[in-house]
Amino acid sequence: MPELPEVETVMRGLEPVIMGAEITALDQRRKNLRIPFPDKFEKRLKGRKILSLRRRAKYILIGLDKGEILVIHLGMSGRVSIIPKGEDVELEKHDHLVLSFDNGVTIIYNDPRRFGMVFLVAESEWESHKNFAHLGPEPLGNDFSAPILQARLKDKNTSIKQALLDQRVVVGVGNIYACEALFMAGINPLKKARLVKGAKIELLVKAIRDVLTRAIKAGGSTLKDYRHADGQLGYFQHNFTVYNQEGAKCPTCDCDINKTNGIKRIIQSGRSTFYCPKKQK
DNA sequence: CTCCTGTCCTGCCGGC
DNA sequence: TGCCGGCAGGACAGGA
């Protein structure tokens with residue numbers, strides 16, 4: 062599920078609720094997700110105060126006192142729910158972690174497919190940790206620009222679509238926003254990455270930034286009191302232009318009039334790509 | 001090295 | 001109604 066904007070939204074939703082609070086209990090309801098939960102997990106969390114919340118790529122980093130970071134990755138189907146003080150905690154299927162805080166709030170991590178990860182890493186070592194060491198630039202940060210993207214694409218023999226999904230090239234872009242950004246930039250997803258350059262790179266950088274920024278805004282606007290009505294963070298409805306729009310008319314050209322049949326769906330590396338063959342050359 | 005495929009897991013949807 | 005195949009927003013290991 063979640064790409065950068067959804068992860069950012071979850072983090073922003075958690076921040077005002079748990080910042081400064083102390084963890085009083087952990088109910089760990091199974092032993093692993095994709096990877097095992099940390100040894101002595103509750104012991105290491107209990108009594109810890111939340112000092113910071115950050116996002117890196119699609120990871121949420123929750124800084125604890127005593128020098129450890131609680132790292133959460135939502136995988137494909139992870140969700141976080143906030144149960145406010147005074148409300149009953151009713152557990153549902155696939156609720157794997159239940160964190161209680163001294164301010165009365167409860168946080169639940171739910172993940173049906175269990176592709177997510179939750180682990181601890183020392184504050185001083187997280188950047189060299191194997192999950193973070195090879196990550197590319199943040200697309201909304203200063204280290205993401207046309208020259209930098211071009212440098213990372215120039216030796217890539219794969220398609221531009223697959224290159225954008227490679228977290229070493231740029232982080233946070235997943236299947237949906239890769240499709241959307243390529244559409245905005247007018248680039249064919251099948252085009253070889255190394256052949257995307259010049260003005261097209263400029264357009265692509267702008268498209269990636271725009272599409273992610275707009276999605277974060279949409280996510281933020283769905284956060285009512287920093288959570289959905291049902292308490293869930295992480296899922297919100299977007300209107301995608303091409304993603305999941307197979308057969309629809311492309312909004313910016315007359316592709317379906319000349320019976321090219323509008324938005325097309327193809328498979329690249331086993332994953333769906335949606336695009337307009339007329340607009341995206 | 002790079003690139004591609006298979007795999008982890010459950011839920012949902014459409015076709016028969 | 002039930003069963004089955006296909007597909008789903010991610011990321012990794014392993015093989016070519």
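Each residue of the first sequence is one higher than the last, beginning at 62 in the working numbering.
Heads up, the beta-carbon is just placed ideally off N, CA and C, and yes, glycines get one too.
Contact check for VAL179 and VAL71: beta-carbon distance about 13 Å, past the 8 Å limit, so the pair fails to qualify. With a minimum length of 3 residues, the unbroken runs of beta strand (DSSP E) contained wholly in the region 115 to 200 fall at 120 to 125, 129 to 134, 140 to 144, 156 to 162, 167 to 171 and 178 to 183. With contact defined as three or more Cβ pairs closer than 8 Å, the region 237 to 250 and the region 216 to 223 are in contact.
When DSSP states are grouped into helix, strand and coil, ALA309 belongs to the coil group. Rounded to whole angstroms, the Cβ separation of GLY139 and ILE111 is 19 Å, and the two are not in contact under 8 Å. Proximity to ALA246 across LYS325, ASN192, ALA260 and ILE96 peaks at ALA260, based on C-alpha coordinates. When DSSP states are grouped into helix, strand and coil, PRO66 belongs to the helix group. Between GLN89 and PRO200, the alpha-carbon positions lie close to 34 Å from each other.
Around the beta carbon of VAL68, 16 or more other beta carbons lie within 10 angstroms, which makes this residue buried. PHE162 and LEU131 have their C-alpha atoms spaced approximately 15 Å apart. Secondary-structure assignment with DSSP links PHE335 through a beta bridge to ARG326. Within its own chain, no residue has a Cβ closer than 7 Å to the Cβ of PRO208 once the five positions on either side in sequence are excluded. Taking the CA atoms as reference points, ILE79 sits about 37 Å from VAL303. Contact between the region 151 to 158 and the region 85 to 105 is established, with three or more Cβ pairs separated by less than 8 Å. The residue among PRO312, LEU243 and TRP187 with its C-alpha nearest the C-alpha of TYR120 is TRP187. Between LEU256 and PRO250 a beta carbon distance of about 13 Å is seen, past the 8 Å cut, so the two are scored as non-contacting.
Counted as a single uninterrupted DSSP element, the beta strand (DSSP E) harbouring ILE84 occupies residues 84 to 89.
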